[in-house]
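**Student:** All you need for our numbering is the position in the sequence shown, starting with 1, plus 17.
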Amino acid sequence: MVELNLGGKVRGLRFGNYALMTYNTLTNTEALAVKEITEEYEYIDFVRDIIYCGLKAQCKVKNEITDFTLEDVTGWVDEMDLGNIEVVVLAWKNAIQSSDFVKKNLEALGVDGEKKK
Numbered sequence: 018m019v020e021l022n023l024g025g026k027v028r029g030l031r032f033g034n035y036a037l038m039t040y041n042t043l044t045n046t047e048a049l050a051v052k053e054i055t056e057e058y059e060y061i062d063f064v065r066d067i068i069y070c071g072l073k074a075q076c077k078v079k080n081e082i083t084d085f086t087l088e089d090v091t092g093w094v095d096e097m098d099l100g101n102i103e104v105v106v107l108a109w110k111n112a113i114q115s116s117d118f119v120k121k122n123l124e125a126l127g128v129d130g131e132k133k134k
């Protein structure tokens, strides 16, 4: 989990399966896919989206009210320093790698739990 001062208070970002699922829904991408960076979807959009999804996941896990919008997060990202952005992106990458590792190992198992041949 990552904690950042956003919107005048310390907020937690949780990057796990719920955040990944929320990202895929938000960006209309397939599971574990990251939307391609283009002129229409820039790196800062990606950062905003993963922060939003991490915040949403933390609220879900902690049973807290979501008191922010995607537009709020857009403004908060503008105020962030590069060091915090790097921390968030690294946490996101680690979550993606962990989920991909689990997915690949589950696919290697058969329905009865035995390894496929």
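Beta carbons are placed, not taken as given, at the ideal position from N, Cα and C, and that holds for glycine.
List the endpoints of the continuous alpha helix (DSSP H) containing Asn45.
**Tutor:** Where Asn45 is concerned, there is no enclosing alpha helix (DSSP H), given that its DSSP letter is neither H nor E.
**Student:** May I have the straight-line CA-CA distance separating Asn22 from Lys79, to the nearest angstrom?
**Tutor:** One C-alpha to the other measures close to 17 angstroms.
**Student:** What's the gap between the Cα of Asp96 and the Cα of Glu47?
**Tutor:** Inspection of the sequence shows that residue 96 is occupied by Glu rather than by Asp. When rounded, the distance between both Cα atoms is 30 angstroms.
**Student:** My output table needs one value for Arg28: the three-state DSSP class, helix, strand or coil.
**Tutor:** In this structure, Arg28 counts as strand in the three-state DSSP scheme.
**Student:** Contact check, Asp66 vs Tyr35 under 8 angstroms by CB: the rounded distance?
**Tutor:** Between Tyr35 and Asp66 the Cβ distance is about 14 angstroms, and since that is not below 8 angstroms, they are no contact.
**Student:** Can you tell me whether Asn80 is helix, strand or coil according to DSSP?
**Tutor:** Coil at Asn80, not helix or strand.
**Student:** Identify the continuous alpha helix (DSSP H) that holds Glu96 and give its terminal residues.
**Tutor:** Looking at the DSSP string, the run of the alpha helix (DSSP H) that includes Glu96 is 87 to 96.
**Student:** In or out: Ala112 buried (at least 16 other Cβ within 10 Å) or exposed?
**Tutor:** Buried is the call here.
**Student:** Does the beta-carbon distance from Ala74 to Arg31 come in below 7 angstroms?
**Tutor:** It is a contact, given that the beta carbons lie within the stated cut-off.
**Student:** Quick check on DSSP: helix, strand or coil for Glu57?
**Tutor:** Note: Glu57 maps to coil in three-state DSSP.
**Student:** Which one or two residues does DSSP pair with Leu23 in a beta bridge?
**Tutor:** Answer is Lys26, bridged to Leu23.
**Student:** Since Val64 and Ile102 are thought to touch, with beta carbons under 8 angstroms apart, how far apart are those beta carbons, to the nearest angstrom?
**Tutor:** About 6 angstroms; that satisfies the 8 angstroms criterion.
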